[in-house]
Amino acid sequence: MVDAEKWNERIALLQQYKSENGNCEVPRSDEKLGAWVAKHRHHYKLFQKGQPSQMTEERIQELNDLGFIWEVGAGRGEAKAKTDASKWDNQFRLLQQYKSVHEDCNVPRSHKVGRVNLGEWVATQRSQYQLFQKGQPSKITQERIQRLNSLGFIWEVGAGWDNQFRLLQQYKSVHEDCNVPRSHKVGDVNLGTWRHQYKLFQKGQHSQLTDERIQRLNSLDFAWVVGQGKNRGKRK
């Protein structure tokens, strides 16, 4: 009974691993599953030879249903391609879920979903897209680009003031105001720095802001002074 309970616990962990990574190729270094997966590959070989083994037909079928790979390295080229595609599809679904909650695809770099660092994956798609545009080897494809475009994916976060302004428009559509916390980031872009830039502008010091940019921010009712409502930006 205890053995059956442990088996079910590990199967549940393996299902979770697959849902997050798109495969059952658990590295040996994984604290919870690495040794267990290696152990059952060994017991599978014993079972095939008719030797004493903890494996049963039922357990083998249960693992087969998860797409378990019994021989590491067997058909690695084709298997790796399928695994990569499955993993990409899984992370794309996580991005869809992120957008359904946040109404954008501007995932912070450190954002994780379970074991999956979705923020790093998003950053990787942007870097692979740049290689693709240059005609260099890239893991991204036209089909993947189209799928990401369908979500309103922003390919160049931080590329220019206009892009940051669009991010602020998206922020307002979600939060219904432009009271951006100073530390608020979208990807690698800190949207909370404009108040500081405005102070520099007022003092006649070097600033990213101009009269035209201040007018555009005012059109969104940007709060130049936190907690004081609509404070229209003007040069003193």
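According to the working numbering, the sequence shown is numbered sequentially starting from 7. We put the CB at the ideal spot given by N, CA and C, even for glycine. None of the values given here were measured: they were computed from a predicted structure.
Just to confirm my understanding: we take residue i, look at its own chain, exclude 5 residues before and 5 after, and list those with CB closer than 7 Å. What are they?
i	result
His117	Leu124 and Gly125
Phe98	Arg153
Lys6	The shown model of the chain, from 7 to 242, leaves out residue 6, and the question about it has no answer.
Trp76	Arg47 and Tyr50
His212	Leu206
Thr216	none
Suppose you measure from the CA of residue i to the CA of residue j; what does that come to, to the nearest Å?
i	j	result
Ser35	Arg219	52 Å
Arg121	Ala44	20 Å
Leu69	Leu157	34 Å
Trp42	Pro33	11 Å
Ala10	Ile17	10 Å
Arg172	Val192	11 Å
Gln131	Ser25	20 Å
Asp90	Trp230	46 Å
Pro143	Ser133	11 Å
Val195	Arg115	10 Å
Val107	Val113	11 Å
Asp71	Glu64	11 Å
Gln54	Lys12	23 Å
Arg188	Phe159	24 Å
Pro58	Gln103	46 Å
Val128	Gly210	38 Å
Val40	Arg201	A quick correction: the sequence has Gly, not Val, at residue 40. Taking the straight line joining both Cα atoms gives about 50 Å.
Glu182	Thr62	58 Å
Lys105	Gln208	37 Å
Run through the DSSP bridge pairs and tell me what residue i is partnered with.
i	result
Asn169	Paired residue(s): none; Asn169 is not in a bridge.
Lys191	Asn196
Lys118	Asn123
In or out: residue i buried (at least 16 other Cβ within 10 Å) or exposed?
i	result
His46	buried
Arg150	buried
Asn14	exposed
Leu100	buried
Leu206	exposed
Gln170	buried
Gly239	Model confidence at Gly239 stands at a pLDDT of 48, short of 50, so the residue's coordinates are unreliable; what they give is reported in the following sentence. Burial call: buried.
Asn155	exposed
Trp167	exposed
Might you give, ordered along the chain, the residues of its own chain that have their beta carbon closer than 6 Å to the beta carbon of residue i, omitting 5 neighbours on each side?
i	result
His190	Leu197 and Gly198
Asn96	Gly28
Asp110	Gln176
Val180	Glu109
Tyr135	Ile146 and Trp161
Lys140	none
Can you give the beta carbon distance from residue i to residue j, rounded, assuming they're within the 8 Å contact cut?
i	j	result
Phe138	Cys184	Not confirmed; about 34 Å, so no contact.
Lys38	Leu52	Their Cβ separation, rounded to whole angstroms, is 23 Å, which puts Lys38 and Leu52 out of contact at 8 Å.
Gln67	His49	No, Gln67 and His49 are not in contact; Cβ-Cβ is about 15 Å, not under 8 Å.
Gln214	Gln221	In fact, because the Cβ distance is near 15 Å, the residues do not count as touching under 8 Å.
Got a sec? Which residues, its chain only, sit under 8 Å from residue i by beta carbon, not counting five neighbours each side?
i	result
Leu226	Leu174, Gln175, Lys178 and Cys184
Gly73	Lys24, Asn29 and Cys30
Gln22	Gly120
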